[in-house]
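Residue numbering for the sequence shown follows full-length UniProt numbering, starting at 244 and increasing by one per position. Working notes, structure below.
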Amino acid sequence: GKGEYDHYMLKEINNQPTSLANTIEGRVEDGDVAFEDLSPGTFDGIESVQFVACGTSYHAAMYGSQLVREAGLRTEVLRASEYEATTGPVDETTLTVAVTQSGETADTLDAVRTAADRGARTLAVTNVVGSTAAREADDAVYIRAGPEVGVAATKTYSSQAVTLALLSQRLAGDVPDATPAADRAAMLEALTDLPQHVEAVLESTRAETLAQDTLDSESFFFIGSGLGHSVALEGALKFKEITYEHAEGFAAGELKHGPLALVTEETPLFAVYTSNGDEKTKTNAIEAQSRGAPIVAVGPDDNPLVDVADAHLSVPETHPVWAGLLANVQLQLLSYHAAKQLGRPIDKPRNLAKSVTVE
Ligand code: M6R
C-alpha cells in the first residue's frame, strides 16, 4: 500500500535512496563494474551500442548513451516507435539495448525484435524479471528498483540511468581507448554517495514552495545541456503528464532557435545543470530572463547561475555524472506538488497506462 504517503508517486520518489542502493549493490568493486548476469567477454566484438526506448525510459537511455559515447564507443539512441522507419544497418558488432522498465512496451519489443532479425546482439535493461524483453533478448540486466505503481516513472528512471551508467563503464572495459581508469574510479566512487545525496534532497527540498510560486503560469520550460539536456526533457514530460499543464524541454542552446518566441513573464524556466561548466545553460537562461521569464536554477550550489537565478532548487555537490539525477529528483517533486495543488489524480493521469502494450 501507500503507507504514510498520499500517493504512490510520492512514496516511490521517497523510496529512491533504498532503490538506488539496491541498484548499485555488489556491482562496483575496486573501480570495476560487474553485472551478475553478464559473463566476462559478453561484449567482445561489440563496436557500437544502440539504445531503443520510449518516454521516460528514452530519457534514461539518452543519459546512458552519452556516457557510452564519453567512454569511447560509438552509440546512438533511438525512439523505439521510430526504429523501423529510421534505423540504418546493424550486424553482430552492434549491441541493441532495450531500455524498458516493464519489459512489455510494444514499441520497444518491436524495435528490439527488428534489430535481432537484422543480426544485432540484444540486451534488455529492465525492472521485471521474466518480462518479455528479458526473455527475448540475448542478455538481461535488472535495474532492481522494486515494483512501481504510479503511472509516472520516478524511481525506475533513476535506477535505469544508474544501471546504464554502470553498463557504460562495463563496456568501456572491453574497448582499448576507453575513458582513463582514474576518471572512471572517481565517478564510481562518487556513486556510493548517491543514495544519501538523494536523501539530502528529499529532506531539504523547496519544490513545494516553488510549485506554489510558479503554478499560475502559461507554460513551463525546462532546459539543460549534455546530461542536463536529457534531464530537462524528463522534467518536462513528468510535469505535463501529471499536471496537465503545458511543459516543454529543450537543449539549452536551442531556445533561441524558436522556443524563445514563447518566452514571457508567464513562462517560468527551469535550468538544469550538472557542473560549473554548463555555460550554454547559463547564457540561454539569462536570455530568457531578460524576456521576463522567472528562472529557477536546478543543480549544485557552486554555479554562476545560482547568483542570477530568481530561485534555486539545490542539490549536493557530487561528480557531474550524478548531479543530473539529483536535479531530476527535485523536478519529480516539483511535478508532484504542482499536480497535487491542482487536484490532479496523480497516480493515474487521464489517457495514460502504466504499460503501453499497443503500437
Ligand atoms: O515500461 P517502459 O519503461 O518501456 O515504459 C516506457 C514509457 O511508456 C514510460 O517510460 C512512460 O513514458 C512513463 N510512465 C512516463 O512517466
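C-beta: ideal position from N, C-alpha, C; glycine also.
I need the DSSP call for Gln309, collapsed to helix, strand or coil.
Here residue 309 corresponds to residue number 66 of the sequence shown, with the count starting at 1. Looking at Gln309 - three-state DSSP - the assignment turns out to be helix.
Identity of the residues DSSP links to Arg364 by a beta bridge
On the sequence shown, residue 364 is found 121 positions in, with the first residue counted as 1. Answer is Leu338, bridged to Arg364.
Roughly how far, in whole angstroms, is the beta-carbon of Ser402 from the beta-carbon of Thr266, given that I think they are within contact range, below 8 Å?
Residue 402 sits at position 159 when you count from the first residue of the sequence shown. Residue 266 sits at position 23 when you count from the first residue of the sequence shown. 4 Å between Cβ atoms; contact.
Using the DSSP secondary-structure output, state which residues sit across from Phe278 in a beta bridge.
In the sequence shown, the residue the question calls residue 278 occupies position 35. Beta-bridge pairing links Phe278 to no other residue.
For Leu434 versus Gly307, is the C-beta distance shorter than 9 Å?
Indexing the sequence shown from 1 puts residue 434 at position 191. Indexing the sequence shown from 1 puts residue 307 at position 64. Against a cut-off of 9 Å, the Cβ pair of Gly307 and Leu434 comes out as no contact.
Return the residue from the list Met430, Gly393, Ala450 that minimises the CA-CA distance to Ala554.
On the sequence shown, residue 554 is found 311 positions in, with the first residue counted as 1. With distances taken between Cα atoms, Ala554 lies closest to Ala450.
I'd like to confirm something about Leu577: is its beta-carbon nearer than 8 Å to some heavy atom of the ligand M6R, or not?
Here residue 577 refers to the residue found at position 334 when the sequence shown is read from its first residue. No, Cβ of Leu577 sits at least 8 Å from all heavy atoms of the ligand M6R.
Among Asn519, Ser518, Ser533, Lys523, whose alpha-carbon lies nearest the alpha-carbon of Ala504?
Mapped onto the sequence shown, residue 504 falls at position 261. With distances taken between CA atoms, Ala504 lies nearest to Ser533 out of Asn519, Ser518, Ser533, Lys523.
Note down the Cα distance separating Ser324 from Arg317, rounded to an integer number of angstroms.
Taking the first residue of the sequence shown as position 1, residue 324 is located at position 81. Taking the first residue of the sequence shown as position 1, residue 317 is located at position 74. Rounded to whole angstroms, Ser324 to Arg317 spans 22 Å at the Cα level.
Straight-line Cα distance separating Met430 from Val564:
The residue you call residue 564 lines up with position 321 of the sequence shown. The residue you call residue 430 lines up with position 187 of the sequence shown. Roughly 7 Å between the two C-alpha positions.
Can you check DSSP and say which residues form a bridge with Ser291?
Along the sequence shown, one-based indexing puts residue 291 at 48. Answer is Arg317, Thr337.
Residue range of the unbroken alpha helix (DSSP H) whose run includes Ile485
Here residue 485 refers to the residue found at position 242 when the sequence shown is read from its first residue. From DSSP, the alpha helix (DSSP H) with Ile485 extends over 470 to 486.
Buried or exposed: where does Leu595 fall if 16 or more other Cβ atoms within 10 Å of its Cβ makes it buried?
Counting from 1 along the sequence shown, the entry for residue 595 is found at position 352. Looking at its Cβ environment, which holds fewer than 16 other Cβ atoms inside 10 Å, Leu595 is exposed.
Spatial neighbours of Leu440 within its chain, please: C-beta separation below 8 Å, excluding the five flanking residues on both sides.
Working through the sequence shown from its first residue, we reach residue 440 at position 197. Per the sequence shown, the amino acid found at residue 440 is His instead of Leu. For His440, where only same-chain residues beyond five positions count, the Cβ hits under 8 Å are Val558, Pro559, Thr561, Trp565, Leu569.
Would you check whether the ligand M6R has a heavy atom nearer than 8 Å to the C-beta of Glu446?
Reading the sequence shown from its first residue, position 203 is the one you call residue 446. Not under cutoff, so the answer is no.
Quick one: give me the first and last residue of the beta strand (DSSP E) that Ser462 is part of.
In the sequence shown, the residue the question calls residue 462 occupies position 219. Element bounds for Ser462: 462 to 467.
With respect to the alpha helix (DSSP H) encompassing Pro547, which residues constitute its N-terminal and C-terminal limits?
Stepping through the sequence shown from its first residue, residue 547 is reached at position 304. First-last of the alpha helix (DSSP H) with Pro547: 547 to 551.
Inter-stretch contact (C-beta, 8 Å, three-pair minimum) for the segment 265 to 280 and the segment 354 to 374
no
Reducing DSSP to helix, strand and coil, say where Asp426 ends up.
For the purposes of this step, residue 426 is taken as the residue at position 183 of the sequence shown. Assignment of Asp426 by DSSP, reduced to helix, strand and coil, places it in the helix class.
Straight-line gap, Pro502 to Lys398 (C-alpha atoms, nearest Å):
Position 259 of the sequence shown, counting from 1, holds the residue named residue 502. Position 155 of the sequence shown, counting from 1, holds the residue named residue 398. Straight-line Cα distance between these residues: approximately 30 Å.
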